[in-house]
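In what follows, a single structure is set out as structure tokens and then discussed.
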Amino acid sequence: MKKIFLVLIGVMLFAFDWSGKVDWAISYNLAKNLAKKEHKLVMVDVSLSHCPPCRYLASEVYTNNKVADYINKHFIPVFYLADRDSIPVEIQNYFTGSTPTILFIKPSGELFYRMIGARPPQNFLAVLKEINAHYGDSNE
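Residue 5 is where the sequence shown starts when you use the working numbering, and the numbers rise one by one after that.
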């Protein structure tokens with residue numbers, strides 16, 4: 005009985021849905037190429053599987069229709085679990101180790117903005133809109 009319980013706990017940990025309603029790119033290289041074509045920022049979420057604020061983003065923020073729609077329309081998003089995925093060196097250079105870290109990277113590979121920590125959906129959306137507006141004002 006104890007073994008079955010441990011297996012169920014393990015399955016539940018790995019079965020957590022990190023995607024929400026966001027259309028995550030399958031790799032940073034793909035995201036960067038799409039960002040160049042579409043003149044958008046790459047939005048990189050670096051999380052940890054055991055991080056409560058990271059899980060909050062996945063379960064409460066990325067499932068919010070307004071947030072997900074805005075991300076899908078204005079950014080090229082890509083997601084990494086720092087304790088499970090191989091993070092590209094370019095992203096490692098901008099990742100401080102705090103999670104969740106949301107990096108906004110120009111198509112050229114230059115860091116545009118770094119956000120650390122989770123926010124409620126309406127606050128997260130306001131930050132996204134501000135970042136996108138400032139990026140639109142920049143020369144890239």
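For each residue, glycine too, the CB sits at the ideal point set by N, CA and C.
Residue i: buried (16+ other C-beta within 10 angstroms of its C-beta) or exposed?
i: residue 34; result: exposed
i: residue 24; result: buried
i: residue 136; result: buried
i: residue 111; result: buried
i: residue 31; result: exposed
i: residue 104; result: buried
i: residue 54; result: exposed
i: residue 44; result: buried
According to DSSP, is residue i helix, strand or coil?
i: residue 29; result: strand
i: residue 56; result: helix
i: residue 99; result: coil
i: residue 92; result: coil
i: residue 125; result: helix
i: residue 66; result: coil
Could you tell me which residues DSSP pairs with residue i in its beta bridges?
i: residue 107; result: 48 and 118
* **Cβ pair count under 8 Å reaching 3, the stretch 58-65 against the stretch 113-124** => Yes: the two stretches touch, three or more of their Cβ pairs being nearer than 8 Å.
* To do: Check whether the stretch 68-76 touches the stretch 84-92, counting contact only when three or more Cβ pairs, one atom from each stretch, lie closer than 8 Å.
  => no
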